[in-house]
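The block underneath contains the structure these notes are about, expressed in structure tokens.
Number of protein chains: 2
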Amino acid sequence: MPDAADLERALRAAGLRVTRPRLAVLDAVHAHPHVDTEALIGAARARLGAVSHQAVYDVLRVLTDTGLVRRIQPQGSVARYEARVGDNHHHLVCRSCGAISDVDCATGQAPCLTPSVDGGFLVDEAEVVYWGRCRSCATARTAPAPPDPDGSTAQRGTP
Amino acid sequence: MPDAADLERALRAAGLRVTRPRLAVLDAVHAHPHVDTEALIGAARARLGAVSHQAVYDVLRVLTDTGLVRRIQPQGSVARYEARVGDNHHHLVCRSCGAISDVDCATGQAPCLTPSVDGGFLVDEAEVVYWGRCRSCATARTAPAPPDPDGSTAQRGTP
DNA sequence: GCGTTCTCTTGAACGAGTCAAGAACTGGGC
DNA sequence: GCCCAGTTCTTGACTCGTTCAAGAGAACGC
Numbered sequence: 001m002p003d004a005a006d007l008e009r010a011l012r013a014a015g016l017r018v019t020r021p022r023l024a025v026l027d028a029v030h031a032h033p034h035v036d037t038e039a040l041i042g043a044a045r046a047r048l049g050a051v052s053h054q055a056v057y058d059v060l061r062v063l064t065d066t067g068l069v070r071r072i073q074p075q076g077s078v079a080r081y082e083a084r085v086g087d088n089h090h091h092l093v094c095r096s097c098g099a100i101s102d103v104d105c106a107t108g109q110a111p112c113l114t115p116s117v118d119g120g121f122l123v124d125e126a127e128v129v130y131w132g133r134c135r136s137c138a139t140a141r142t143a144p145a146p147p148d149p150d151g152s153t154a155q156r157g158t159p
Numbered sequence: 001m002p003d004a005a006d007l008e009r010a011l012r013a014a015g016l017r018v019t020r021p022r023l024a025v026l027d028a029v030h031a032h033p034h035v036d037t038e039a040l041i042g043a044a045r046a047r048l049g050a051v052s053h054q055a056v057y058d059v060l061r062v063l064t065d066t067g068l069v070r071r072i073q074p075q076g077s078v079a080r081y082e083a084r085v086g087d088n089h090h091h092l093v094c095r096s097c098g099a100i101s102d103v104d105c106a107t108g109q110a111p112c113l114t115p116s117v118d119g120g121f122l123v124d125e126a127e128v129v130y131w132g133r134c135r136s137c138a139t140a141r142t143a144p145a146p147p148d149p150d151g152s153t154a155q156r157g158t159p
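As given, the protein sequences belong to chains V and D, one line each in that order. Numbered continuously in UniProt numbering, the first sequence closes out at residue 159. Numbered continuously in UniProt numbering, the second sequence closes out at residue 159.
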């Protein structure tokens, strides 16, 4: 977990001005990977007291554009954000509770997979989403477990 | 391209009643893979004259639930549907124009990839999306080409 | 042909996200 | 330390894709 100074450095390195909403959102993304926009708005408000949802949306777009955070959006889910960027990792998604966990990529560089015949496409990234059931939902099939927004079950894998 | 009798048989085999909207939507999905709901509503109306958008949404949900069509939704795109089901193929998506093409899966069965360490997840499917630029957009980087809703550039690949 | 059950129509509503205009703030130069 | 230009945030409305609800209509089994 980077501290405030690290986050500030990261913003400046990306050529962005350092503002309280940006620090709050960036901190929240680091603290709670894979959470949705609404939760980030809540986290930012918990830190600052009051931030407009528009500000958070703007901040998230800027951070995504500059590569400081990554936006992911599994089917059927709203947009989620994570601060782990640049290592081309993949995700495990629970069909039952929506929990998302990181899976390391074997190569760590995009694209880690390439179609043997690509029909003229210039492929620059292979996004892999593993669908299944998380440990909690697999064991307790009756009552879905709450999401695991911290991705604490993240493990390495292939590709 | 299956004819009306084939589509009707498919509906009955899935335990569904045969209605004109269902035939029209199923036909449209076969004729135009990877198109969005709005386009399917248009295609259904072209066949039937008038269908409510709600009917098309309902039909698409039923067809998806019974496995007659597959719903795909790349990041940043609305829901799209295709009639190619059961072979666990993947998709190439153009970042520029949004065109989607099919890519055969090497194994043809889910999951074709498995994370070596899954953190307790029971993985049943690995969804792979290859991001890049289609032939048209790669050659003409200035003006994005219109989408390729037929996926005519589909080729086989790995995984 | 009849009745049950499922499906479609109509109309409204919801949630996520975007747009627009103006106020407030940040950072660099003085 | 102060000022100003440019960027960022606030407020409020809006769009778009999708879903919900209730009742009318159609398909299927008998």
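The beta-carbon is built from N, C-alpha and C at its ideal position, and this holds for glycine as well. It should be emphasised that the depicted structure is a prediction, and the values quoted were computed from it without experimental measurement.
Just verifying my parser: in three-state terms, what is the DSSP assignment at residue i?
i, result
"V/Arg80", "strand"
"D/Ala143", "Residue placement at D/Ala143 is flagged as unreliable, the pLDDT there being 45, under the threshold of 50; the coordinate-derived value follows with that caveat. Note: D/Ala143 maps to coil in three-state DSSP."
"V/Ser52", "coil"
"V/Gly15", "coil"
"V/Ser136", "helix"
"V/Ser152", "Model confidence at V/Ser152 stands at a pLDDT of 39, short of 50, so the residue's coordinates are unreliable and nothing is read from them."
"V/Arg95", "coil"
"D/Asp6", "helix"
"D/Leu26", "helix"
"D/Asp118", "coil"
"V/Val123", "strand"
"V/Asp102", "strand"
"D/Asp87", "coil"
"D/Val59", "helix"
Taking residue i as the query, report the chain V residues whose CB atoms sit under 8 Å from its CB, ordered along the chain.
i, result
"D/Ser101", "Gly119 and Phe121"
What does residue i reach in chain D if we use C-beta pairs closer than 9 Å?
i, result
"V/Cys134", "Gly119, Gly120, Phe121 and Leu122"
"V/Pro2", "Simply none; closest approach about 24 Å."
In chain order, what residues of the same chain lie with their CB nearer than 6 Å to the CB of residue i, ignoring the 5 residues before and after it?
i, result
"V/Arg71", "Thr64, Ala79 and Tyr81"
"V/Ala43", "Ala28"
"D/Leu92", "Ser101, Val103 and Tyr130"
"V/Leu23", "Leu7"
"V/Val51", "Pro21, Ala44 and Arg45"
"V/Ala55", "Pro21"
Suppose you measure from the CA of residue i to the CA of residue j; what does that come to, to the nearest Å?
i, j, result
"D/Thr66", "D/Ala14", "6 Å"
"V/Pro2", "V/Arg84", "12 Å"
"D/Ala4", "D/Ala46", "16 Å"
"D/Leu60", "V/Gln75", "16 Å"
"D/Cys105", "V/His53", "41 Å"
"D/Asp87", "D/Thr19", "27 Å"
"D/Leu16", "D/Thr139", "46 Å"
"V/Glu8", "V/Val62", "15 Å"
"V/Leu40", "V/His90", "21 Å"
"V/Gly132", "D/Asp118", "10 Å"
"V/Val35", "D/Phe121", "19 Å"
"V/Leu48", "V/Ala31", "15 Å"
"D/Tyr57", "D/Thr37", "8 Å"
"D/Ser77", "V/Val128", "17 Å"
"D/Gln73", "V/Gln73", "9 Å"
"V/Ala126", "D/Glu125", "15 Å"
Note down, in chain order, every chain D residue with its Cβ under 8 Å from the Cβ of residue i.
i, result
"V/Glu125", "Tyr130, Trp131 and Gly132"
Could you name the residues of chain V that residue i contacts, counting a contact when the two beta carbons are closer than 9 Å?
i, result
"D/Ala138", "Gly120, Phe121 and Leu122"
Take residue i and list the residues in its own chain whose beta-carbon comes closer than 8 Å to its own, dropping the five residues that flank it on each side.
i, result
"V/Ala10", "Pro2, Leu26 and Leu68"
"D/Arg12", "Val18"
- Message: For the region 49 to 70 of chain V, list every residue whose C-beta sits within 9 Å of some C-beta in chain D, in sequence order.
- Response: Result list empty, no residue passes.
- Task: For the region 77 to 94 of chain V, enumerate the residues whose C-beta is nearer than 8 Å to any C-beta of chain D, in chain order.
- Result: Listed in sequence order: His90, Leu92 and Cys94.
- Message: Along the region 15 to 29 of chain D, where does the CB come closer than 8 Å to a CB of chain V? Name the residues.
- Response: Closer than 8 Å at the C-beta level to chain V, one finds no residue of the region 15 to 29 of chain D.
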